[in-house]
Amino acid sequence: MNNKRVELDFHPELELLRNRTETLRGLPGFEEKLDDSGLYPLTPTGLDILQVNVGYMCNMTCKHCHVDAGPHRKEIMPRETLQHCLNAYDAGGFKTVDITGGAPEMNPDFRWFVDELHQRGAHIIVRSNLTILVTTPRYRELPAFFAERGVEVTCSLPFYNKITTDRQRGEGTYDRSVEALKALNALGYGKGNARLELNLVYNPAGAFLPLPQQELEADFKRQLLEKHDIVFNNLFTITNLPISRYLDYLLRSDNLDDYMVTLVNAYNPMAADRVMCRNTISVGWDGRVYDCDFNQMLLMPVDVTESSSDYTHIKDFDAEILLKRRIRTGQHCYGCTAGAGSSCGGSLA
Amino acid sequence: MSNSYYDKSHLAKFGSITDLQEKLGTKFFDYYNAVFEGGELSAREKALIALAVAHTVQCPYCIDAYTESSVKHGISEPEMMEAVHVACAIRGGASLVHGVQMMEQAKKLNM
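Protein chains in written order, with the working numbering: chain V, 5 to 353; chain H, 1416 to 1526.
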């Protein structure tokens, strides 16, 4: 093991997840579990998704946010780095570009970037918090902008009622989300046109795992249709990973040990085999390349240290080198392998 | 082994019941899982019923499990408390209705 990895592995949050209490110290290491499943070291299966985090600035400050995003965050991907991402897309054979944040719409070059990708014929996903789409007139133009370019809109809605949604994402979020969903529906989103896919993301508003995705999707569809005449394509259930703001919540509410035990007990080898880091790379606002958005927040760039140069920046993108890498893991990874598994595209098994 | 009758970690080990008498244990869990699937009643309604029953049988494991299940199903805290009151009313009523037996027996015995 080289020095760089040892140094980076000791991100305070990873250290805390391993060692804070006797219970946490007693849990098996994620790598041991992978080894038991014949998956260690975890390696890529392809480069299908280029996920670009275009900045941590957001109009919201949700309690669970693993990015710790908010209006106070100034980290925004500059156009030069967005161009490096486009170059990587051109070179890499990616199927999808997944644009996330923060609120990605707040990057001043957001529309330019989407247009560039659209011209290249990329399958584009924008991860929207919904509320941004009903703020100022400039942002209210975006649903039509998306529709014209066939952008897939994947948006956060933690529940189909106001009380749960607002508790996690802030007062008034539910009503604004409903307004945004109606605007998207009015443009044809979520109504069966394959060009206009509208997906919702559910994540638990508390210290528990999601219900089965299929069951919850049926509930969401029925409730949103009955209450608001809203339709959508798919619901993706995402498990909260014990890092960043959600980790703070677990600590404050004295739920960390129980939550980690729940995740570990629910370890599912089939989900581990399909984790998204195996076919995705995540690019941070500063161009650094990570195995996933969570490793990005833990400042754990891709492990390409066996090659002679530093290929951890998107400007030096090299598909061959990235495909040979060893995916970096930690106790937080149990969040993606618990139960039916979790990824940006929902459950895995 | 902890020095108390209830140990929180036992809930996660519930499945190990099948280590002994595997056939019976498996039959129980198959039945249990089938009961909680959506049927004529929704999974949400079943979670709420289970929560009320958990309070009636005063099982701390069940209370934890079905509080969590209720939360997952988006059941609000006031709704959950109302279900607990239903359990309480039935349980209390079950005691109280025996008072009729007491009254009649006392009447018979007294001069």
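Where a beta carbon is used, it is the ideal one built from N, C-alpha and C, also for glycine.
Per DSSP, the unbroken alpha helix (DSSP H) holding H/H1513 starts and ends at E1492 to L1524. Under the DSSP definition of a beta bridge, V/Q55 partners with V/D102 and V/S286. As summarised for the region 207–266 of chain V, the continuous beta strand (DSSP E) elements at least 3 residues long and confined to that stretch are 238–241, given in chain order. Taking a cut-off of 8 Å for Cβ pairs, the region 189–201 of chain V and the region 212–225 of chain V do not touch, as fewer than three such pairs fall below it.
It is roughly 6 Å from the alpha-carbon of V/C69 to the alpha-carbon of V/R249. The C-alpha of H/V1486 is placed about 30 Å away from the C-alpha of V/E19.
Per DSSP, reduced to three states, the secondary structure at V/D277 is helical. If you ignore the 5 residues before and after V/A92, its C-beta comes within less than 6 Å of the C-beta of I318 and F321, all in its own chain and listed in chain order. Spanning the alpha carbons of V/V306 and H/P1493 requires a straight line of approximately 47 Å. At a cut-off of 7 Å between beta-carbon atoms, V/L215 makes contact with chain H.
Separation of V/R153 and V/K99 (C-alpha to C-alpha, rounded to the nearest whole angstrom) is 16 Å. Contact annotation: in the region 13–46 of chain V, no residue has its CB less than 7 Å from a CB in chain H. For V/R131, the uninterrupted beta strand (DSSP E) run begins and ends at H127 to S132, by DSSP. For V/E219, the residues of chain H that pass the 8 Å Cβ criterion are G1453 and A1458, in the order they occur in the chain. Among the residues of chain H, those whose CB is under 8 Å from the CB of V/G210 are V1486, following chain order. Listed along chain V, no residue sits closer than 7 Å to H/A1449 by beta-carbon distance, the nearest being about 15 Å off. Residue contact with chain H for V/F224: absent (no Cβ-Cβ distance below 7 Å to any residue of chain H). Looking only at H/D1479, H/S1417, H/N1418 and H/H1470, the smallest Cα-Cα distance to V/D262 is reached by H/D1479.
With its beta carbon at least 7 Å from every one in chain V, H/A1469 lies outside the interface. Annotation for V/M264: L21, T27, L28, L31, P246, Q335 and Y338 place their beta carbon closer than 8 Å to its own, counting only its chain and skipping 5 residues before and after. Taking C-beta atoms as the reference points, V/V205 and V/S132 fail to come closer than 7 Å. Shown here for V/E175: not one same chain residue has a beta carbon closer than 7 Å to its own, the five before and five after excluded. Here V/A342 carries a strand assignment [DSSP, helix/strand/coil].
For chain H, the residues of the region 155–169 of chain V that bring a beta carbon within less than 9 Å of one of its beta carbons are F163, Y164, N165, I167 and T168, in chain order.
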